[in-house]
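Asks:
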Amino acid sequence: MRIAVAAAFLALVMAPATQAQAPNVTAVLEKSGQHTKFLNLLHSQRINVILDDDGSTVFAPTHNAFESLEPGTLNSLKQQQMALLAQGHILPQFHTLVSFETANNPIHTQASGHDGSYTLNITVGTNNLLNVSTGIVDARVNDVISIVDPLAVYSIDKVLWPHELVNGTVP
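Numbered per mature numbering (1 follows the signal peptide of the UniProt record, and there is no 0), the sequence shown spans residues -20 to -1, 1 to 151.
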């Protein structure tokens, strides 16, 4: 009996460690507590943040960013437009703060329209703060929510409206 117990113990100790579970964007955003409206947008549009070999980066507008929109703005969007809005906040690659310093702008998002992929310009400003621009809206990264490869999640102070959805005027 002791041999069987010892063998089982050795098998357990010698077994390869299981891989850590990939980060979950829903859990990360729920834990932050400041991104409920963005999380609801992702869920309502059934947007999945794909965590493949390249990873993903999410720019999550705060609840206040959505509250600063004119009343009815989101409700005026068609289903496809809401999906594009959500996807426009997601980069299909993992980026740390440092990697943005050498990234080539414009950077493609998961959203695409008639003219191809929606893009963002991301720059490092004073005090190493990130600025994210659609060309219409300039947002600032005000918090790093999580950077665990293959998922980076940054909090931003504005909703990123692409040209294609607003026809030049920000809601």
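Where is the CB? At the ideal position from N, CA and C, for every residue including glycine. From a predicted model like this one, the values you see are computed outputs, not experimental measurements.
Would you check if the distance between the CB atom of residue 12 and the CB atom of residue 127 is smaller than 9 Å?
Replies: For residue 12 and residue 127, no; Cβs fall outside 9 Å.
Asks: Residue 155: buried (16+ other C-beta within 10 angstroms of its C-beta) or exposed?
Replies: Nothing about residue 155 can be read from this structure; the chain reaches only from -20 to 151.
Asks: I'd like to confirm the pairing. Which residues does DSSP put opposite residue 134 in its beta bridges?
Replies: Answer is 39, 124.
Asks: Taking all protein chains shown into account, do 16 or more other C-beta atoms lie within 10 angstroms of the C-beta of residue 7, making it buried, or fewer, making it exposed?
Replies: Label assigned to residue 7: exposed.
Asks: Compare the Cα-Cα distances from residue 32 to each of 131, 52, 60 and report the closest residue.
Replies: Considering only alpha carbons, the answer is 131.
Asks: I'd like to confirm something about residue 56: is its beta-carbon nearer than 8 Å to some heavy atom of the ligand HEM, or not?
Replies: Judged by which ligands are present, the structure shown has none, so any question about the ligand HEM falls away.
Asks: Can you tell me where the beta strand (DSSP E) holding residue 92 begins and where it ends?
Replies: Segment 87 to 93, the beta strand (DSSP E) holding residue 92.
Asks: How would you label residue 3, buried or exposed, when you count the other beta carbons within 10 angstroms and need 16 or more for buried?
Replies: Flag for residue 3 reads buried.
Asks: In its own chain, which residues sit with a C-beta less than 7 Å from the C-beta of residue 75, not counting the 5 before and 5 after it?
Replies: So the list reads 37, 83, 132, once near-sequence residues are dropped.
Asks: Would you decide whether residue 99 is buried or exposed? Buried here means 16 or more other CB atoms lie within 10 Å of its CB.
Replies: The residue is buried, with at least 16 neighbouring Cβ atoms inside 10 Å.
Asks: Looking at the structure shown, is residue 112 part of a helix, part of a strand, or coil, going by DSSP?
Replies: The answer is strand: DSSP assigns residue 112 an E or B state.
Asks: Using DSSP with H/G/I as helix, E/B as strand and the rest coil, what is residue 78?
Replies: Helix, per DSSP.
Asks: List the endpoints of the continuous beta strand (DSSP E) containing residue 6.
Replies: Careful: residue 6 lies outside any beta strand (DSSP E), inside the alpha helix (DSSP H) at 5 to 12.
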